[in-house]
Amino acid sequence: MTALPSFWDTFLLAIGLALMLEGVFYALMANRLPEILQMLVEIPPAKIRTLGLWAASAGLLWMLWVRYTRF
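Reminder that position 38 of the sequence shown reads as 865 in my numbering, one-by-one numbering, no gaps.
This is the structure we're talking about:
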């Protein structure tokens with residue numbers, strides 16, 4: 828039987844999950860995001876999508892690293 832993760836392990840996993848979900852949101856909403864932000868910043872949808880994919884990848888890698896090094 829495995830022990831329950833500590834608070835810090837759960838916190839680190841939550842950071843990774845937040846990064847991943849934020850990245851997926853940016854990647855999926857890249858065309859609508861400038862309208863959502865009411866054109867506060869002029870960023871092309873392709874750059875937003877790229878940023879989202881990088882954030883999602885970083886979040887996934889972070890969660891995998893935490894999972895396999897902390898538990």
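Where is the CB? At the ideal position from N, CA and C, for every residue including glycine.
{"query": "Would you report the Cα separation of L888 and G843, rounded to the nearest angstrom?", "result": "8 Å"}
{"query": "Leaving out five residues on either side along the sequence, give the residues of the same chain with a beta carbon under 6 Å from the beta carbon of G879.", "result": "G850, Y853, A854"}
{"query": "For L848, count neighbouring C-beta atoms within 10 Å of its own C-beta (all shown protein chains included) and say buried if the count is 16 or more, exposed if not.", "result": "exposed"}
{"query": "Consult DSSP for R894 and reduce its assignment to one of helix, strand or coil.", "result": "helix"}
{"query": "Spatial neighbours of A873 within its chain, please: CB distance less than 6 Å, with the 5 preceding and 5 following residues excluded, ordered by chain position.", "result": "none"}
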